[in-house]
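Below is one structure; the comments refer to it alone.
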Amino acid sequence: MDFIQSPELPAPAGHYSQAVVTRGGLVFVSGVLPARDLADASFEAQCASVFDQCEKILRTAGCGLHDVVQCTAYLAGVELWPAFNTAYAGVFGEHRPARAVVPVPGLHYGFLVEVQLVAERPHG
């Protein structure tokens, strides 16, 4: 398997990879939080940051958001669900990966959203 580190993003602070690509071409993106300087930013700005980082990680792995097959989103409160759905639809458009949205009591550093993805790298 290949361990992915986007040159466009800071290295993870913990003992994990930004993503792992299996020999079969599945790309597992670790949970992505917004950029650290956005702790007090709006939920929409945090979502934009998360999806921007996901896109950079996927690009480094040889694929893109259009290759995502599954998304798990953790939200710091069920009341954020409609705003997340709007941000998600804006990012994915007509592409509709399988998805789970999990309300949680809180996220690291006080963030409001964390996203984890699985994608399939195109062959060739």
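Numbering (the numbering used here), first residue to last: 925 to 1048. From the three backbone atoms N, C-alpha and C, an ideal C-beta is built for every residue, glycine too. Note that this is a predicted model, so its numbers are computed, not measured.
Item: Alpha carbon to alpha carbon, what distance is there between PHE927 and TYR940?; Value: 9 Å
Item: Quick check on DSSP: helix, strand or coil for SER973?; Value: helix
Item: Please report how far the alpha carbon of GLY1014 lies from the alpha carbon of ALA943, in whole angstroms.; Value: 23 Å
Item: Between which two residues does the beta strand (DSSP E) carrying THR1010 extend?; Value: Premise fails: THR1010 lies in the alpha helix (DSSP H), 1005-1016, not in any beta strand (DSSP E).
Item: Assign PRO936 to buried or exposed, taking buried as 16 or more other Cβ atoms, counted over all protein chains shown, within 10 Å of its Cβ.; Value: exposed
Item: Looking at the strands, I want to know which residues DSSP matches up with ASP926.; Value: VAL945
Item: Below 6 Å CB to CB, which residues in the same chain sit around GLY1048 once its five sequence neighbours on both sides are set aside?; Value: Low local confidence applies: a pLDDT of 49 at GLY1048 is under 50, so the model's placement there is unreliable, and no value is given.
Item: Should PRO1006 go down as buried or exposed, given a rule of 16 or more other Cβ atoms within 10 Å for buried?; Value: exposed
Item: My understanding is that VAL951 touches ARG1045, with C-beta atoms under 8 Å, so please give their C-beta distance in whole angstroms.; Value: 6 Å
Item: State the CB to CB distance for the pair VAL1059 and VAL956, rounded to an integer number of angstroms; the pair is presumed to be in contact (CB under 8 Å).; Value: Residue 1059 cannot be examined here, being either before or after the span of the chain that is shown, 925 to 1048.
Item: Report the three-state DSSP secondary structure of ARG983 (helix, strand or coil).; Value: helix
Item: Report the partner residues of ALA935 according to the DSSP bridge assignment.; Value: ALA935 pairs with nothing; no bridge assigned.
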